[in-house]
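Contents: one structure, followed by commentary.
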Amino acid sequence: MTKKADAAERIEALREQIRHHDRLYYAENRPEISDAEYDSLVRELRVLEEAHPDLITPDSPTQRVAGQPVEVFASVEHKVAMLSLDNAMDPAELTEFEARLRRALPGTHFEYVCEPKVDGLGVALLYEHGRFVRGATRGDGRVGEEITQNLRTVKSIPLSLRGKLAELKELEVRGEVYMPRAAFQKLNAELEEAGEPTFANPRNAAAGAVRQKDPAITAKRPLDIFLYHVSHAEPFPFKSHWEALEGLRAAGFRTNPKSKRCANLDAVLDLCRALEAERDALGYDADGVVVKVNSLEQQRRLGATAHHPRWAIAFKFAARQATTRIREIQINVGKTGALTPTALLDPVELAGVTVSRASLHNEDEVRKKDIRVGDTVLVERAGDVIPYVVQVITAKRPAGTHPFKMPAQCPACGAKAYRPEGEAIWRCTNAACPAQLKERLLHFGSRRAMDIEHLGEAVVSQLVDREMVRDFSGLYHLTVERLAELERLAEKSAANLVEAIRQSKTRGLARLLNGLGIRYVGERASQLLASHFVSMEKLEKATEEEIGEIYGIGPQIAQSVVKFFAEAANRKTIDRLRAAGVVMKAEGIGEGARPLAGKVFVLTGSLKAMTRDEAKDLIIKLGGRVTGSVSKKTDYVVVGEEPGSKADDAKRLGVRTLDEAAFLKLVR
Ligand code: IVH
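Encoded structure:
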């Protein structure tokens, strides 16, 4: 065989392996190899493709982040029109839906499939001979925008298919691109740190990412997709919608694991109720349940109106939108001095929760929506995300309102406020601003940092206002007698607080670093810094290069850490903390036994003896690691009460499981 033929063979083998691991990781959430092993496969493929550019194909896993920025999106005519769905606002309307089906097809029994109605963007994906060739937005339903390059960067969209569907000449599938809620919150926090405008909800964030002109930016946004419809296939290989979902899964697509077959309408109603109760725990925004007739033959006979198919309906969850009035726009000061406008609202009930404030994000957002004091606005609450203002009802605007203006001064300390060029955020210029100090103290005492119980907002506020605490170290000089000066703090509570502060001295370096609130240094970076440098002294002396060399720490973090220690005020605070007896060494490292060194744990379900966070800390302290999903590399899966699917994953992969008693025995 020639060298070239060897390379071609190896390239194909690598692609096959990478696709296999992509599917396990992104579509099925059960990786079998480590990130490093995966990276080395991709690296080998890249090197071979660089040596043989003629062997590069568009469906190669290396080609995900290809493509130049576009000026305008091309138009795409869909193979089959992308229709909307009819809505059912309550159970009675579902009953009416079935009555309509019966009138259309008398004497027929209907079986259904129910799926969460994910609140994202509908897209159509076209495959030819198993290769992804085109992706499009819904557009007006008939013509959409071509966003192939952007969709190629969504890791759970397979670029080439497996099995039966891979053989079809043409296949068009539909699904919903969305941003998971946790990823959305992380993205917004990052945008805020970088001084860029944030997104009001995950749907907007996903829409912004999908319609990016530069695919490299889309690639950085954590998007995901559920596929829910086969709209065109030649020849058509399925008899029911359920079969189609199974077929999609077998081809490597991600489908919603909450989808269920229901034998009759009662089962549908039960499932709709159950999913509504569960909606906050889904991890993504869903605004209802799509109910579909399962038999494709029945679907064909029922047909569609110009607007929606007659064989499907969307059962809508209780609205989380309401209208109310803006009483006042308040400016909040964050721990880094960011000034955030917040709307104080006439209290209004949204799906069981009374809402009286909404974040307005930043000046540009308020201007864009032209939100004014006195306006009647539409507010929405989505999951556990803070409520936000969707739009102003301009028709109800009273006379004499004024456009909103950010104050030129910090509302807490009166120092000059400024908005750095190119940023969306106004900041207070005063490093000693009491409002900033309050936020920093609250963060210092928070659960994932120094974990000081009883150090709540009311106490912190008084400690700062009375100048009893001027920096973190001030906490360690508080006594029960001094705390007695505070309003509404009983002696017993004061004693509890002093004790909690005393106990926080031994939390260790990682938590202390997290508590200091160094810009860009969160929990994960703090742990990496602590285990690398082991002591505060070593970290204080480290250069930007030394810090940047740590795997997982980027240049932005390295620069920020060095800048932090370069400031005399910060060094003084550290010295005072040291003098107060706060431990400045990494806990458990270099001292004590590390019996779990090298062991990888996954936790599922709840334990009786401790919280999940406590169990995680304990494992880390004893030298082990905790990861989020079960793979062959996992040593133990700790199974508590009401475990999730990870317990099944363990069984399937033959990973050892520990019940609570066995886990406690291991760690004690
Ligand atoms: S089926 C003919 N299933 O809801 C098939 N749609 O209001 C029609 N959606 O444009 C769509 N989750 O973007 C279907 N499991 C699901 C869905 C779903 C979300 C969206 C989709 C559609 C819109 C209709």
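So the working numbering is basically just the index in the sequence shown, starting at one, shifted up by 1315. Where a beta carbon is used, it is the ideal one built from N, C-alpha and C, also for glycine.
- Within the same chain, A1565, A1566 come within 6 Å of G1478 by CB-CB distance, once the 5 residues on both sides are set aside.
- With a threshold of 7 Å, the Cβ atom of V1428 does not count as near ligand 1, since no heavy atom of the ligand is closer than that.
- Short of 7 Å from the beta carbon of V1775, and not among the five residues preceding or following it, lie these beta carbons of its own chain, in chain order: K1753, L1756, L1757.
- Below 8 Å, enough C-beta pairs join the stretch 1595–1610 and the stretch 1426–1446 to call them touching: three or more.
- If you check the C-beta of L1398 against ligand 1, you find a heavy atom less than 7 Å away.
- Counting C-beta pairs closer than 8 Å gives three or more between the stretch 1743–1752 and the stretch 1723–1731, which meets the contact rule.
- For V1648, the uninterrupted beta strand (DSSP E) run begins and ends at 1636–1648, by DSSP.
- For H1758, the uninterrupted alpha helix (DSSP H) run begins and ends at 1749–1759, by DSSP.
- Apart from sequence neighbours up to five positions away, the residues of its chain that approach P1702 with a beta-carbon distance below 6 Å are V1670, A1673, V1694, R1696, ordered along the chain.
- Boundaries of the beta strand (DSSP E) around R1489: 1485–1493.
- If you look at W1557, you'll find it in the alpha helix (DSSP H) that goes 1556–1566.
- Excluding sequence positions up to five before and after G1437, its CB lies within less than 7 Å of the CB of M1397, R1453, R1489, E1491, all in the same chain and listed in chain order.
- Boundaries for S1946: no beta strand (DSSP E) harbours it, and the DSSP string shows neither H nor E there.
- In the DSSP assignment, S1546 falls within the unbroken beta strand (DSSP E) covering 1539–1549.
- Between E1975 and K1936, the C-beta gap is not smaller than 8 Å, which leaves the two residues out of contact.
- In the displayed model, S1960 falls within coil according to three-state DSSP, outside both helix and strand.
- Distances from the alpha-carbon of A1389 to those of K1528, R1615, K1684, I1934 put K1528 closest.
- Per DSSP, I1865 is not a residue of any alpha helix (DSSP H), being assigned neither H nor E.
- Less than 8 Å separates the beta-carbon of L1675 from that of I1644.
- Spatial neighbours of Y1835 in its own chain (CB-CB distance under 7 Å, excluding positions within 5 residues in sequence) are listed in chain order as E1508, Q1871, I1872, S1875.
- For K1432, the Cβ falls inside the 7 Å cut-off from some heavy atom of ligand 1.
- If you check the CB distance, H1769 and A1815 come in under 8 Å.
- Between K1607 and M1404, the beta carbon gap of about 18 Å keeps them out of contact (Cβ cut-off 8 Å).
- With a threshold of 7 Å, the Cβ atom of V1391 does not count as near ligand 1, since no heavy atom of the ligand is closer than that.
- I1686 and P1718 have their C-alpha atoms spaced approximately 7 Å apart.
- Exposed is the label assigned to S1399, since fewer than 16 other Cβ atoms lie within 10 Å of its Cβ.
- Here the C-alpha atom of R1817 lies approximately 11 Å from the C-alpha atom of M1765.
- For the beta strand (DSSP E) assignment, the uninterrupted runs of no fewer than 3 residues enclosed by the stretch 1410–1439 are, from N- to C-terminal side, 1427–1433.
- For F1425, the number of other beta carbons within 10 angstroms of its own is at least 16, and it is reported as buried.
- Relative to ligand 1, G1689 has its C-beta separated by 7 Å or more from all heavy atoms.
- In this structure, R1467 lies near R1379, with their beta-carbon atoms less than 8 Å apart.
- In the structure shown, G1523 adopts helical secondary structure according to DSSP, grouped into three states.
- Just so you know, the alpha carbons of R1682 and T1709 end up roughly 14 Å apart.
- Here L1660 really is in contact with R1642; their C-beta atoms are around 6 Å apart, less than 8 Å.
- Using a Cβ distance threshold of 8 Å, V1849 and A1901 count as a contacting pair.
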